[in-house]
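Note that the protein sequences, when read in sequence, are chains A and B.
Numbered according to the working numbering, the first sequence spans residues 1 to 278.
Numbered according to the working numbering, the second sequence spans residues 279 to 569.
First up is the structure itself, then whatever we jot down about it.
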Amino acid sequence: MDTKYVIGIVVILLVIVGAYFALGGGNNQQSISIVGSTSVQPVAEKLATEYMKKNPDVKITVQGGGSSVGIKSVQDGSADIGTSSKELKSDESQGLTQYEIAKDGIAVIVNNQNSISGLTLEQLKGIFSGNITNWKDVGGADAKINIVVREDGSGTRDAFQEIVLGKLANGTKVSFVKDAIVQSSTEAVQQTVAQDPNSVGFVSFAVVKGTKALQVNNVAPSEATITDGSYKIQRPFFFLVKGEASGAVKAFIDWVNGPEGQAIIKEDKLVPVGQKVT
Amino acid sequence: MSRWTEEFFIEKGLLLTAVSSIIIIALIIIFIFMEGLPAIQAYGFFNFIFGMDWAPSSGQYGVFPMIIGSLGITVLSLLMAVPLGILCAIFLSEVASSKMRRILNPTIQTLAGIPSVVYGFFGLILLVPFMRVQFGGTGFSMFTASIILTVMILPIIVSVSEDALRSIPQEYKEASLALGATHWQTIKNVIFPAAIPGVITSVILGMGRAIGETLAIIMVAGNVVQIPGSILDPVRALTSNIAIEMGYATGIHYNALFATGIVLIFMIIVLLILANYLHYKKKVTIGGGYL
Numbered sequence: 001m002d003t004k005y006v007i008g009i010v011v012i013l014l015v016i017v018g019a020y021f022a023l024g025g026g027n028n029q030q031s032i033s034i035v036g037s038t039s040v041q042p043v044a045e046k047l048a049t050e051y052m053k054k055n056p057d058v059k060i061t062v063q064g065g066g067s068s069v070g071i072k073s074v075q076d077g078s079a080d081i082g083t084s085s086k087e088l089k090s091d092e093s094q095g096l097t098q099y100e101i102a103k104d105g106i107a108v109i110v111n112n113q114n115s116i117s118g119l120t121l122e123q124l125k126g127i128f129s130g131n132i133t134n135w136k137d138v139g140g141a142d143a144k145i146n147i148v149v150r151e152d153g154s155g156t157r158d159a160f161q162e163i164v165l166g167k168l169a170n171g172t173k174v175s176f177v178k179d180a181i182v183q184s185s186t187e188a189v190q191q192t193v194a195q196d197p198n199s200v201g202f203v204s205f206a207v208v209k210g211t212k213a214l215q216v217n218n219v220a221p222s223e224a225t226i227t228d229g230s231y232k233i234q235r236p237f238f239f240l241v242k243g244e245a246s247g248a249v250k251a252f253i254d255w256v257n258g259p260e261g262q263a264i265i266k267e268d269k270l271v272p273v274g275q276k277v278t
Numbered sequence: 279m280s281r282w283t284e285e286f287f288i289e290k291g292l293l294l295t296a297v298s299s300i301i302i303i304a305l306i307i308i309f310i311f312m313e314g315l316p317a318i319q320a321y322g323f324f325n326f327i328f329g330m331d332w333a334p335s336s337g338q339y340g341v342f343p344m345i346i347g348s349l350g351i352t353v354l355s356l357l358m359a360v361p362l363g364i365l366c367a368i369f370l371s372e373v374a375s376s377k378m379r380r381i382l383n384p385t386i387q388t389l390a391g392i393p394s395v396v397y398g399f400f401g402l403i404l405l406v407p408f409m410r411v412q413f414g415g416t417g418f419s420m421f422t423a424s425i426i427l428t429v430m431i432l433p434i435i436v437s438v439s440e441d442a443l444r445s446i447p448q449e450y451k452e453a454s455l456a457l458g459a460t461h462w463q464t465i466k467n468v469i470f471p472a473a474i475p476g477v478i479t480s481v482i483l484g485m486g487r488a489i490g491e492t493l494a495i496i497m498v499a500g501n502v503v504q505i506p507g508s509i510l511d512p513v514r515a516l517t518s519n520i521a522i523e524m525g526y527a528t529g530i531h532y533n534a535l536f537a538t539g540i541v542l543i544f545m546i547i548v549l550l551i552l553a554n555y556l557h558y559k560k561k562v563t564i565g566g567g568y569l
């Protein structure tokens with residue numbers, strides 16, 4: 001009976017010690033936390049995974065939450081790197097170093113069965129603000145346009161609203177049509193558009209799959225058109241660091257902006273930029 | 279330790295465990311009020327409750343359409359789930375053979391164990407396109423959401439009602455049958471009326487789950503802030519509103535989401551009081567005791 005207990009205790013101790021080492025215990029490991037835009041999240045995760053493969057002593061965690069959360073977390077120090085998919089306002093960028101790691105196009109997507117292949121910015125504005133409600137008004141079939149948007153606060157929504165809907169003469173933002181379906185993730189928007197022939201939505205160009213990305217002002221979204229700026233609906237992806245980057249964080253950002261990191265960004269259909277914004 | 283002290287400590291210990299749940303609820307409510315009240319104060323109570331527009335980016339925080347949305351989805355799903363659930367419970371407790379019950383009961387309990395995100399995804403992929411084809415529109419609607427909810431609350435209503443029906447003393451049934459009543463007359467006039475308090479409890483529990491459900495609703499209700507003109511219009515529930523926007527909210531928007539939580543708590547309290555009152559009213563008193 002006693003020996004059984006002893007054996008049991010030894011086994012438990014071994015398991016605990018083993019788990020400790022297996023999970024990378026010890027204090028020589030450095031950790032970097034990245035928090036922010038859900039649009040930046042997929043590519044940040046990929047970058048983190050690759051970087052950790054090459055540098056096993058660094059542990060990087062990536063979390064979403066939205067651009068505002070990213071900015072807030074890096075400001076108050078709860079994250080080492082904040083990510084944002086929108087330009088920072090002057091009061092937000094106080095004390096932050098910004099690295100523009102990539103440019104992302106926002107694709108306007110419709111169902112594969114939709115006969116329309118392109119719209120102008122003006123038409124898009126009409127559709128998403130509710131002035132155009134039937135596909136036949138923009139050269140399509142006679143059917144009601146079902147609009148799918150992202151939720152208030154999403155970086156994609158903000159960027160799209162700013163670029164496509166713009167502002168009124170008095171400076172207030174033009175708002176989306178009120179009865180538009182709201183989906184709370186890129187995937188849900190894509191899924192909705194993929195199953196509804198009359199719907200239109202917008203998602204990051206990097207993730208378009210199973211739906212048709214429209215030309216905007218006769219320019220199809222592609223790496224080339226996003227780089228040269230001829231595809232109009234695009235936004236920057238930022239890594240934000242409080243003060244000056246140093247130590248492990250600096251090493252990671254340098255790697256991201258170097259050839260290896262930029263190659264991964266390119267794989268994700270994003271346009272690599274890799275420069276510090278001053 | 280004397281018997282007296284032992285008794286004392288055990289009593290107080292038990293009291294402490296019982297009180298801890300009250301403390302936890304109190305703490306949660308206090309926290310939600312502390313976070314939510316600033317928004318109600320800043321925006322005005324009536325503007326907040328009866329405001330028709332929710333547009334945080336332009337500073338509008340009216341939750342009325344969402345109150346209607348939450349109530350609409352809940353009522354609609356109860357309308358479908360209660361008759362279905364009660365009839366199913368009657369079948370299970372009175373008609374089904376024990377062999378059948380052995381198959382049906384675990385099946386129904388499995389329904390209760392499926393995570394809500396799975397229901398939501400199922401709804402998004404299968405039910406939404408189906409509804410769009412059948413009824414037109416976008417497929418995202420109050421009706422779609424309440425169908426998903428019906429499936430989710432059905433197991434609760436069935437299992438709690440069944441327990442209530444089965445706990446009716448055998449003598450009632452025997453007496454009724456001995457008087458020459460048929461099986462259906464016995465169920466309708468004796469067993470079911472006697473079990474009504476338990477059945478009401480099952481409806482309360484189902485309602486609680488329906489009004490609090492978030493994830494599945496987000497995926498199929500369309501989340502449009504509007505008062506629905508028909509059951510085929512998309513709506514946003516109070517719970518969805520909090521979950522969708524919490525990730526981004528800062529400042530008064532953040533407080534307004536907690537204020538949404540306050541509204542939700544009040545709605546649940548009112549519904550619970552109403553349901554408990556009904557439960558109390560319908561108690562059958564027999565010979566000094568009640569069921």
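Here a beta-carbon is modelled for each residue, glycine too, at the ideal position from N, C-alpha and C.
Nearest chain A C-beta to residue i closer than 8 Å, yes or no?
i                      : result
residue 539 of chain B : no
residue 501 of chain B : yes
residue 284 of chain B : no
residue 512 of chain B : yes
residue 523 of chain B : yes
residue 328 of chain B : no
residue 413 of chain B : no
residue 317 of chain B : no
residue 527 of chain B : yes
residue 420 of chain B : no
residue 492 of chain B : no
residue 220 of chain B : It is not possible to answer for residue 220 of chain B, since the shown part of chain B is limited to 279 through 569.
residue 517 of chain B : no
residue 504 of chain B : yes
At the 8 Å Cβ level, is residue i part of the contact set with chain B, yes or no?
i                      : result
residue 140 of chain A : no
residue 68 of chain A  : yes
residue 87 of chain A  : no
residue 195 of chain A : yes
residue 72 of chain A  : yes
residue 65 of chain A  : yes
Using CA coordinates, which residue listed in the options is at the minimum distance from residue i?
i                      : options                    : result
residue 255 of chain A : A/275, A/244, A/236        : A/275
residue 536 of chain B : B/520, B/545, B/526        : B/520
residue 442 of chain B : B/486, B/473, B/517        : B/473
residue 52 of chain A  : A/29, A/216, A/171         : A/29
residue 235 of chain A : A/164, A/179, A/85         : A/85
residue 332 of chain B : B/409, B/354, B/548, B/504 : B/504
residue 545 of chain B : B/560, B/490, B/527        : B/490
residue 252 of chain A : A/31, A/121, A/15          : A/31
residue 46 of chain A  : A/12, A/154, A/260         : A/260
residue 532 of chain B : A/120, A/152, A/165, A/156 : A/152
residue 131 of chain A : A/147, A/37, A/244         : A/147
residue 149 of chain A : A/142, A/139, A/160        : A/160
residue 39 of chain A  : A/185, A/172, A/139        : A/185
residue 387 of chain B : B/294, B/432, B/300, B/319 : B/432
residue 549 of chain B : B/323, B/348, B/394        : B/348
residue 369 of chain B : B/293, B/461, B/322        : B/461
residue 470 of chain B : B/444, B/319, B/453        : B/444
residue 122 of chain A : A/11, A/277, A/217         : A/217
residue 392 of chain B : B/422, B/498, B/427        : B/427
residue 447 of chain B : B/464, B/556, B/436        : B/464
I need the DSSP call for residue i, collapsed to helix, strand or coil.
i                      : result
residue 130 of chain A : coil
residue 72 of chain A  : helix
residue 334 of chain B : helix
residue 190 of chain A : helix
residue 375 of chain B : coil
residue 62 of chain A  : strand
residue 316 of chain B : helix
residue 170 of chain A : coil
residue 272 of chain A : strand
residue 145 of chain A : coil
- Message: Quick check on the DSSP output: what are the complete beta strand (DSSP E) runs of length 3 or more inside the segment 420–485 of chain B, in order along the chain?
- Response: none
- Return the residues of the segment 172–193 of chain A that lie within a Cβ-Cβ distance of less than 8 Å from chain B, sorted by chain order. 172, 173, 175, 178, 179, 180, 181, 182, 183, 184, 188, 191, 192
- Contact list for the segment 378–410 of chain B against chain A, Cβ threshold 8 Å: 402, 403, 406, 407, 410
- Item | Segments assigned beta strand (DSSP E), at least 3 residues, entirely inside the segment 75–124 of chain A | 81–84, 96–110
- Message: By the 8 Å beta-carbon criterion, what residues does the segment 332–366 of chain B contribute toward chain A?
- Response: 333, 334, 335, 336
- Scan the segment 141–156 of chain A for residues whose Cβ lies nearer than 8 Å to a Cβ of chain B and list them as they occur along the chain. Residues passing the 8 Å Cβ filter: 146, 151, 152, 153, 154.
- Can you give, in chain order, each stretch of the beta strand (DSSP E) that sits fully within the segment 176–238 of chain A and has at least 3 residues? 181–183, 199–204
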